[in-house]
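Here the numbering used here = 1-based position in the sequence shown + 345.
We put the CB at the ideal spot given by N, CA and C, even for glycine.
If you're wondering where the values come from, they're calculated on a predicted model, not measured in any experiment.
Accompanying notes for the structure given below.
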Amino acid sequence: MSGGLDAAPAAAIPQVREWTVNGVKREALVYLPPPPTPTGGAAKPAPVIFAFHGHGGTMRHAARSFALHEQWPEAIVVYPQGLNTVGQITDPEGKKSGWQPKVGSEGDRDLAFFDAMYASLCKDYAVDTKRVYSTGHSNGGGFTYLLWAARPKVFAAFGPVAAVPAMGNFPETAKPVIHVAARNDPLVKFAWQERTLKRVRRLNDCADGIPWSGDKRCTLYPSETAAPVVTYIHDGGHSYPAEASELIAKFFKEHALP
Numbered sequence: 346m347s348g349g350l351d352a353a354p355a356a357a358i359p360q361v362r363e364w365t366v367n368g369v370k371r372e373a374l375v376y377l378p379p380p381p382t383p384t385g386g387a388a389k390p391a392p393v394i395f396a397f398h399g400h401g402g403t404m405r406h407a408a409r410s411f412a413l414h415e416q417w418p419e420a421i422v423v424y425p426q427g428l429n430t431v432g433q434i435t436d437p438e439g440k441k442s443g444w445q446p447k448v449g450s451e452g453d454r455d456l457a458f459f460d461a462m463y464a465s466l467c468k469d470y471a472v473d474t475k476r477v478y479s480t481g482h483s484n485g486g487g488f489t490y491l492l493w494a495a496r497p498k499v500f501a502a503f504g505p506v507a508a509v510p511a512m513g514n515f516p517e518t519a520k521p522v523i524h525v526a527a528r529n530d531p532l533v534k535f536a537w538q539e540r541t542l543k544r545v546r547r548l549n550d551c552a553d554g555i556p557w558s559g560d561k562r563c564t565l566y567p568s569e570t571a572a573p574v575v576t577y578i579h580d581g582g583h584s585y586p587a588e589a590s591e592l593i594a595k596f597f598k599e600h601a602l603p
C-alpha cells in the first residue's frame, strides 16, 4: 500500500490510491465525502461503496458512467481498476481489464485486492462498517456476486447490473440485493439473469413481488429474513443504464448490517 494520505479533498475531487498486492501494483479512484465544517466537529463514520467496472473498462470510465459519488456524496465511493483477465464471454486472450470470475481463479488476486482496499479504508478513514456495499456492471457485477459468496459478512447489500455469478460460486448467505437487468441484453442473456434471480429469491426467502416504494419502476420481493430483493428490468441492451445508479443508491441507503 502507498504511504500516508493527505487530508480529505473537497467533495467530488477524487484521488488515486495505490496498493501493492502480492507484488502487483493495484489502483482505485476514491471519492471522499466533504470534510467537516469548522463548527461541525469530527467526521461522521461514512458508508463505503465499491463500484467495479465491466470487462475492458477502467476506474475512470466507471466513475463517469456510475457517478455514485454524486448520488450519495456522504459516502466513500471506490472505483477499483481491474487487471487483464480472460473473459467469460468475450476476450478469450485476456487482453482487456477485468475481475476474477470464481473463488480460486487468477490466484484470488482480486479478492486479495478488495481485502487490502477495505482494510486500508478502515485504517485511514472513519468508516461505517455496518454500511458497506458492492455494485458493478457485467464482469464487475459478476465480481459483486463473488464478493457476496466469498465475503458476505462485510457487506450490507449488493447491486449487480447485467450480471450473473460464475458456475459454482452462487452466494449461500441471504443478503439484500438490487439487480438491474435488460430484456435485450445480447451478452449476459436475460434468461440467465432470470434464473439467477429465481435462485436469489429462494435463497432470501422472498414473497411475491410488489411495487417498490423507493421507485415504482422496480419490483420488490419482500423477505422473511430481512434480505429483500429489488429488480429493475428495462428494455435496453448490455450498456449500463443512466438511471441505475439512482436506484442502487436509494436501495443501499435503506440497508445496514444489524
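Membership of E372 in the beta strand (DSSP E) is indicated by the continuous run V369 to Y376. At a Cβ-Cβ threshold of 9 angstroms, V509 and R540 count as neighbours. As DSSP reads the structure, W537 sits in no beta bridge. Distance from the Cα of Y478 is smallest, within the candidate group N367, A461, P497 and K468, for P497.
As a beta-bridge residue in DSSP terms, R362 pairs with A373. For L565, the uninterrupted beta strand (DSSP E) run begins and ends at D560 to Y566, by DSSP. Three or more Cβ pairs closer than 8 angstroms define a contact, and the region 390 to 397 meets that threshold against the region 467 to 484.
Counting only runs that start and end inside the region 458 to 533, the alpha helix (DSSP H) elements of at least 4 residues fall at 484 to 495. Selection N429, S568, N549 and A495 evaluated against V369 yields N429 as nearest (Cα-Cα).
Apart from sequence neighbours up to five positions away, the residues of its chain that approach R562 with a beta-carbon distance below 7 angstroms are Y577, ordered along the chain. Between the beta-carbon of T480 and that of I358 there is about 22 angstroms, and that puts the pair past the 8 angstroms contact cut. A407 sits in a helix when the DSSP states are folded into three classes. CA-CA distance, T435 to P418, rounds to 34 angstroms.
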